[in-house]
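Input: a single structure, listed below in C-alpha cells.
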Amino acid sequence: MFYALDIIGTVAFAISGALTAINKKLDLFGVLTIAFVTAVGGGTLRDVLTGNTPVAWMLSLNHVYAILLGFIVSALFWQKLEKLRVSLFLFDTIGLGVFTMIGIEKGLMSELHPVICIALGTMTACFGGVIRDILCNEIPVLFRKETFYATVCIFGGIVFFALRRTGLNTDIIYACSSAIIIIFRLMAVRFKWYLPVLKAR
Amino acid sequence: MFYALDIIGTVAFAISGALTAINKKLDLFGVLTIAFVTAVGGGTLRDVLTGNTPVAWMLSLNHVYAILLGFIVSALFWQKLEKLRVSLFLFDTIGLGVFTMIGIEKGLMSELHPVICIALGTMTACFGGVIRDILCNEIPVLFRKETFYATVCIFGGIVFFALRRTGLNTDIIYACSSAIIIIFRLMAVRFKWYLPVLKAR
Amino acid sequence: MFYALDIIGTVAFAISGALTAINKKLDLFGVLTIAFVTAVGGGTLRDVLTGNTPVAWMLSLNHVYAILLGFIVSALFWQKLEKLRVSLFLFDTIGLGVFTMIGIEKGLMSELHPVICIALGTMTACFGGVIRDILCNEIPVLFRKETFYATVCIFGGIVFFALRRTGLNTDIIYACSSAIIIIFRLMAVRFKWYLPVLKAR
Chain A
1 MFYALDIIGT
11 VAFAISGALT
21 AINKKLDLFG
31 VLTIAFVTAV
41 GGGTLRDVLT
51 GNTPVAWMLS
61 LNHVYAILLG
71 FIVSALFWQK
81 LEKLRVSLFL
91 FDTIGLGVFT
101 MIGIEKGLMS
111 ELHPVICIAL
121 GTMTACFGGV
131 IRDILCNEIP
141 VLFRKETFYA
151 TVCIFGGIVF
161 FALRRTGLNT
171 DIIYACSSAI
181 IIIFRLMAVR
191 FKWYLPVLKA
201 R
Chain B
202 MFYALDIIGT
212 VAFAISGALT
222 AINKKLDLFG
232 VLTIAFVTAV
242 GGGTLRDVLT
252 GNTPVAWMLS
262 LNHVYAILLG
272 FIVSALFWQK
282 LEKLRVSLFL
292 FDTIGLGVFT
302 MIGIEKGLMS
312 ELHPVICIAL
322 GTMTACFGGV
332 IRDILCNEIP
342 VLFRKETFYA
352 TVCIFGGIVF
362 FALRRTGLNT
372 DIIYACSSAI
382 IIIFRLMAVR
392 FKWYLPVLKA
402 R
Chain C
403 MFYALDIIGT
413 VAFAISGALT
423 AINKKLDLFG
433 VLTIAFVTAV
443 GGGTLRDVLT
453 GNTPVAWMLS
463 LNHVYAILLG
473 FIVSALFWQK
483 LEKLRVSLFL
493 FDTIGLGVFT
503 MIGIEKGLMS
513 ELHPVICIAL
523 GTMTACFGGV
533 IRDILCNEIP
543 VLFRKETFYA
553 TVCIFGGIVF
563 FALRRTGLNT
573 DIIYACSSAI
583 IIIFRLMAVR
593 FKWYLPVLKA
603 R
C-alpha cells in the first residue's frame, strides 16, 4: 500500500517536472532529465546526506519505470494535462505526504534525532521541486509563495512524533501523519494560506 | 592509454569551463573554480551517488595538475583559443567518450543494473557542464540545444552492453564504445542533429 | 574555545543568509532555509565528498540551535542589523577562519593530501555563500568580486601546512592560521584588494 503510494507520488512528481520543462521549451532529453530529478531529487539528497549509498533509485528499476511513465504521459498529453490540473495536484499532494514519511523512516533507521528526521522528511518531499527550479533557472517556487508546501511536511512530522509517544501501531501512525499532511495541504491551497514576507515599513 | 585519455579529457573540460567563466567576466579565482567543477563535477556526482568516497579527484593530484594546466593555458591564451575551437571541440568530444566509459565501469564495480550504469556514465560525461552553467546562472546548455551531447552517451552505453554480450575482450569493447560516442557526436554536430522540442500547435 | 568560535561562525553565516533572503523578499520559511544552507552548506559538501556521513549537523542539535538563533535575530531585527554591519562582518570573518581550519582538520583525519585538505577547508568556508547565491538565482558573489574571500582561505591553509613542519603545538598552529586568515581578510576589505579579471584588449 505504502509502496504503491510511493510509486504514484513518483509518477506525479515526474509529470510535474516534465510539464515545467516543456513549458520552458526544453527539448525531449531536457524534459526527461527534469522529470527525473524532480521525482528522485529529494530522496537522493536524503540518502547522500545520511550515507545510504548507492542511493535508493539505483537499487531497483521501479522508480525508473515510474518516471518513464510520467515522462511519456507528459510528452503525449501535455496539452490535455492542463485540464487534469486538479487530479495532478491531488497526486502531487499524495506524493508529498508519502515522501515525508519515507524520509522520516530513513532518518529513524539511521538513529537520528526527531528534529533531524523531520528535516529529512521535508527534504525528501520538497527538494525535487527545488532542484527542478534551479535547473530551469528560477528562484525555487518553494521559497517564494508555495511555502505551505514545506510547512505542512514539518507539521506532519511533528504529528508523527507526537503520535509515536502514544504507542499506537506504526502503520497507523504513518497513515495518520501522511493523511494530515495531505488534508492540511489541500486546505492551505483551498483557503490560500501563506507565510508572511518581511517588508520594510 | 585509457588513463591518458582521461587526463586529456580533464584538461579539455577544464579549458571549456575556464573559457565560459572568462566570457562571464569572473575573476581569476572564479575562472579556476569553474574550470575545476566543469572537469570533476560529473565524476564527483557519480562517486557521491554510489558512495565511492572520498571522491576520485581527492585520491591523487593528477586531476588537480591537469586542471591547473587547463586553467593556465586558458588564462594565457584565451584570446587565441577561439582560433583553436576545432581542436578544443575534438578534445572535449574525446573526454565525452572516455568519461562515459569510466562512469559505466564504476557502476559495474558497484554491481548496479546496466540502465543505472548508463545513467552514471552519462552523468559523468555531462554533469560538469551542467554545474558550470548553473554556477554561471544560465539554463544548462545541455537542456536547451546540445542535447545530442547526452544522447550520444546513452547510445554509446547501450552499444557497450550489447557488445558485452558477445564475449569480446573488455578493452576492445571500451575502445569501440567510446569511439562510437566520439564519431556519433562529431556527426551530430556536423549534420546539426537535434532532438525535438514540444510546441503548442 | 574552537568549538565556541564554530558556533559564533555558524550564527554569523546564518544571519548573512537570512538577510540576503529577506532582501530577496522570500517568505519566512524561505528565509529559514537560506539561513540554514548558508550556515551548513560548506560543511555538508565537505562531509559528503569525503564520505563522513551522516553529515556533521545531523549528529547533534547545536548547529540547529545556532541557526535558529541567527534566524530569529534576523527576523526580529533585520531593519536594525544594517547598522551593525561592521560587527556582522567581523563575525562572518571569524567564521571564515574557523571553518577553514575545521575543513583542513577533517581532511587530515581522512588522510588526504595537503592540497586536497586546503581545498576542503576553502570549500567549508565558502560553499555556504555559493549555495545561498545559487538558491537566490544570482551568479555567486564569490566568483564576481569577493574573491579574496576564498583566496585568504587558501593562503591560510598554506600557512597552516608551513607551520606544521616546524613541529609547533597543534592548537597554536590552528590559532595562528585562523588569525592570519582573519587579519588578511580584514586588510583585503580595508584596502580593497581584488583579483584581476581578464579583459579583451
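Chains as they are written, first to last, in this note's numbering: chain A, 1 to 201; chain B, 202 to 402; chain C, 403 to 603.
Glycine residues also receive a C-beta, built at the ideal position from the N, C-alpha and C atoms.
Chain-ordered, the chain C residues with CB closer than 7 Å to the CB of B/Phe230 read Thr549, Ala552, Thr553 and Leu597. As for any alpha helix (DSSP H) of minimum length 4 sitting wholly inside the stretch 299-381 of chain B, the runs are 315-336, 342-345 and 349-366, ordered along the chain.
Contacts with chain B (Cβ-Cβ distance below 8 Å) from the stretch 504-516 of chain C involve Ser512, Leu514 and His515, listed in chain order. Per the DSSP secondary-structure output, A/Asp27 pairs in a beta bridge with B/Val398. A Cβ of chain B is located within less than 7 Å of the beta carbon of A/Val55. The Cβ of B/Met259 sits closer than 7 Å to at least one Cβ of chain C. DSSP places A/Lys80 in the uninterrupted alpha helix (DSSP H) bounded by Asn62 to Leu81. Within the model, the alpha-carbon separation for A/Asp92 versus A/Ser16 is close to 8 Å.
In the three-state reduction of the DSSP assignment, A/Val189 falls in the helix class, which pools H, G and I.
Three or more pairs of CB atoms, one per stretch, sit closer than 8 Å, so the stretch 346-364 of chain B contacts the stretch 384-393 of chain B.
Residue burial is scored here from C-beta neighbours: C/Val488 has fewer than 16 other C-beta atoms within 10 angstroms and is therefore classed as exposed. Proximity of chain B to A/Val64 at the Cβ level (cut-off 7 Å) is accounted for by Val316, in chain order. The Cβ-Cβ distance between B/Ile223 and B/Val232 falls below 7 Å.
Look at B/Leu297: its C-beta is not under 7 Å from any C-beta on chain A. DSSP, reduced to helix, strand and coil, places B/Val241 within a helical segment of the structure shown. Within the stretch 517-533 of chain C, Val517 and Ile518 place their CB atoms closer than 7 Å to a CB of chain B, listed in sequence order.
Per DSSP, reduced to three states, the secondary structure at C/Gly453 is coil, with no helix or strand assignment. For B/Lys281, there are no C-beta contacts with chain C under 9 Å, since the nearest C-beta of that chain is about 12 Å from it. Between the stretch 159-177 of chain A and the stretch 57-71 of chain A, the count of C-beta pairs closer than 8 Å stays below three; the two stretches do not touch. DSSP, read as helix, strand or coil, puts B/Leu246 in helix.
Our two residues, A/Leu81 and B/Val331, have alpha carbons roughly 29 Å apart in a direct line. Distances from the CA of B/Cys327 to each of B/Ile383, B/Leu206 and B/Leu297 were compared; the closest alpha carbon is that of B/Leu297. Judged by their CB atoms, B/Ala240 and B/Ala219 are not nearer to each other than the 7 Å cut-off. Burial state of C/Ile574 is exposed, judged by a 10 Å Cβ sphere holding fewer than 16 other Cβ atoms. Nearest to A/Lys24 by alpha-carbon distance, out of A/Thr122, A/Leu76, A/Arg132 and A/Ile104, is A/Arg132.
By the neighbour-count criterion, in which a residue is buried when 16 or more other Cβ atoms sit within 10 angstroms of its Cβ, C/Gly530 is buried.
Around the Cβ of A/Lys192, a 10 Å sphere holds fewer than 16 other Cβ atoms; the residue is exposed. Interface residue (Cβ-Cβ distance to chain C less than 7 Å): A/Val48 is classified as such. Excluding its 5 nearest sequence neighbours in each direction, A/Leu120 has C-beta neighbours in its own chain below 6 Å: Arg46, Gly103 and Gly107, listed in chain order. When C-alpha distances from B/Ser275 are compared across B/Phe230, B/Phe349 and B/Ile381, the shortest belongs to B/Phe230.
With a beta-carbon spacing of about 19 Å, A/Phe89 and A/Ile67 fall beyond the 8 Å limit used to define contacts. In the three-state scheme derived from DSSP, where H, G and I count as helix and E and B as strand, B/Leu260 is classed as coil. In terms of Cβ geometry, A/Gly41 and A/Phe99 do not form a close pair [threshold 7 Å].
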